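**Q** Quick note on numbering: the working numbering labels position 221 of the sequence shown as 222, and the sequence is numbered without any gaps.
Backbone N, C-alpha and C define an ideal beta-carbon position, used for all residues, glycine too.
Because the structure is a prediction, the values reported are computed rather than measured.
Quick one: the structure is below, questions incoming.
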Amino acid sequence: MPWAEAFLNTQTNNSENLADSNERHLSYTDALHEALDLALELDKKAFILGQGVNDPIGMFGVTTDLYKKFSEERVFDTPLSEEGMTGMCAGAAMNGMRPVYLHNRPDFLLLTFNQLVNHASKMHYMDEGHTNVPMVIWSAIGRGWGSGAQHSQAVQGLLLSVPGLKIIMPSTPYDAKGLMLSAIADNNPVVIFEHRWLMKQNGYVPEGIYKIPIGEGIYRTRGEDLTIVGSSHAIALAQIALDSLAEEGVTADVIDLRTIKPLDEKIIIESVKKTGRILVVDTGWAMGGVCAEVGCLVAEKAFEYLKAPVRRVGLPDSPTPAGFTLEQYYYPTSEKIADAIKLTISNDK
């Protein structure tokens, strides 16, 4: 049985919250590196490409020395031709290969939209399910050093409305590895957004392969006062905010979506029916993105349970500033989330 098919049939491993603190720990970067290493080892049809993937410090170290182990035929640098390279990936995937195309920044994904949105995402549908397109597009959201409006964007919201795509946003090393393996094994296009500020985070990561199903969220904490929904770095900020309110007795269900498309509607609605309040936090723009989609979902399917308005914390409707001081105002912070939590739980109907 081919590796990908066997992997998709393996049992789900969703035990991160139960992991012993003395278990094996890796950095977020090393967890991704291990996932790519395993995929290349297990599947000769998998290959990695992207600007700087053969550089020791390229891609935050995610691909360090993989080209030495697997040769430059399977791990190779690419020219600045994002649309052309994405088209090549789509063609290779349709012919049985499993490409993983790594980008330094999500901003560069905008140059891939013709191939990704018009072709790769639609081919399975247009060919009546006969053609698969098993390709992964990966990128790391950058911020914090004055990259400005063209090199620090979180553009996940732009892809939410595209049928045929799956979108992953992990928040822990455990999920980074497990979801990368799930993405590579998937038989159609998957886009992964990482966050630069998570790369040095350490956490429990099992050895070998394990599966985290795409489309399943997870509770990071359980509480009574409200539901907080997010993914990626937004989860870390939400947990810091919640910790800062612990002395006031505030508790919350913190739901890590892990996948924003398909969205785990069940876990969101289940929690909102219990708490009656929801705050959505995202690393992208608040308008038209994850915040808007989750808010609309709750209004549509759990409105009668709400005790307070749906609230959201995301980027303002403005390009990213380059100055450090303006960045502090622009980006979501744990303090902003804490203020939104207090407003949500105090503003009952």
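Answer yes if the segment 219 to 236 comes into contact with the segment 178 to 189, meaning at least three C-beta pairs across the two stretches below 8 Å, and no otherwise.
**A** In short, these stretches do not touch, since the Cβ pair count stays below three.
**Q** So the candidates are A47, E271, P320, E24; which of them puts its Cα closest to the Cα of Q151?
**A** Here the closest residue by C-alpha is P320.
**Q** Rounded to the nearest angstrom, what separates Y211 and T326 at their Cα positions?
**A** Rounded to whole angstroms, Y211 to T326 spans 42 Å at the Cα level.
**Q** At which residues does the alpha helix (DSSP H) containing W198 begin and terminate?
**A** Per DSSP, W198 belongs to no alpha helix (DSSP H) and is neither H nor E.
**Q** Taking the CB atoms as reference points, tell me whether D283 and G289 lie closer together than 8 Å.
**A** It is not a contact, given that the beta carbons lie outside the stated cut-off.
**Q** Per DSSP, which residues does R259 bridge with? Please list them.
**A** The partner list for R259 (beta bridge, DSSP) is empty, contrary to what the question assumes.
**Q** Report the three-state DSSP secondary structure of K167 (helix, strand or coil).
**A** Residue state, collapsed to three classes: strand.
**Q** In or out: S272 buried (at least 16 other Cβ within 10 Å) or exposed?
**A** The residue in question, S272, is buried, as its Cβ has 16 or more Cβ neighbours within 10 Å.
**Q** Does DSSP put K337 in a helix, a strand or coil?
**A** It is helical.
**Q** Could you name each continuous alpha helix (DSSP H) segment of 4 residues or more that falls completely within the segment 214 to 246, going from the start of the chain to the end?
**A** Listed in chain order, the complete alpha helix (DSSP H) runs (minimum 4 residues) inside the segment 214 to 246 are 234 to 245.
**Q** Could you give the DSSP three-state label for K350: helix, strand or coil?
**A** In this predicted model, K350 has a pLDDT of only 43, less than 50, meaning its place in the structure is not dependable enough to derive any value.
**Q** Going by the DSSP bridge assignment, what does L27 pair with across the sheet?
**A** DSSP lists G204 as partners of L27.
**Q** Return the Cβ separation of I269 and V311 in integer angstroms, given the expectation that the two are a contact with Cβ distance under 8 Å.
**A** 11 Å between Cβ atoms; not a contact.
**Q** Taking H104 as the reference, which of T87, M98, A93 has the closest Cα?
**A** Of T87, M98, A93, the residue nearest in Cα terms is T87.
**Q** Which class does K70 belong to by DSSP, given the choice of helix, strand or coil?
**A** K70: helix per DSSP, three-state reduction.
**Q** Who does L103 pair with in a DSSP beta bridge?
**A** Beta-bridge pairing links L103 to G51, W139.
**Q** Just to confirm my understanding: we take V134, look at its own chain, exclude 5 residues before and 5 after, and list those with CB closer than 7 Å. What are they?
**A** Contacts found: A91, A94, M95, A121, M124, H125, N189, P190.
**Q** F194 and I142 - do their beta-carbons sit closer together than 8 Å?
**A** Yes, the pair counts as a contact, with Cβ atoms nearer than the cut-off.
**Q** Can you give me the Cβ contacts of L27 inside the same chain, cut-off strictly under 6 Å, excluding the 5 residues immediately before and after it?
**A** The residues are P174, V206.
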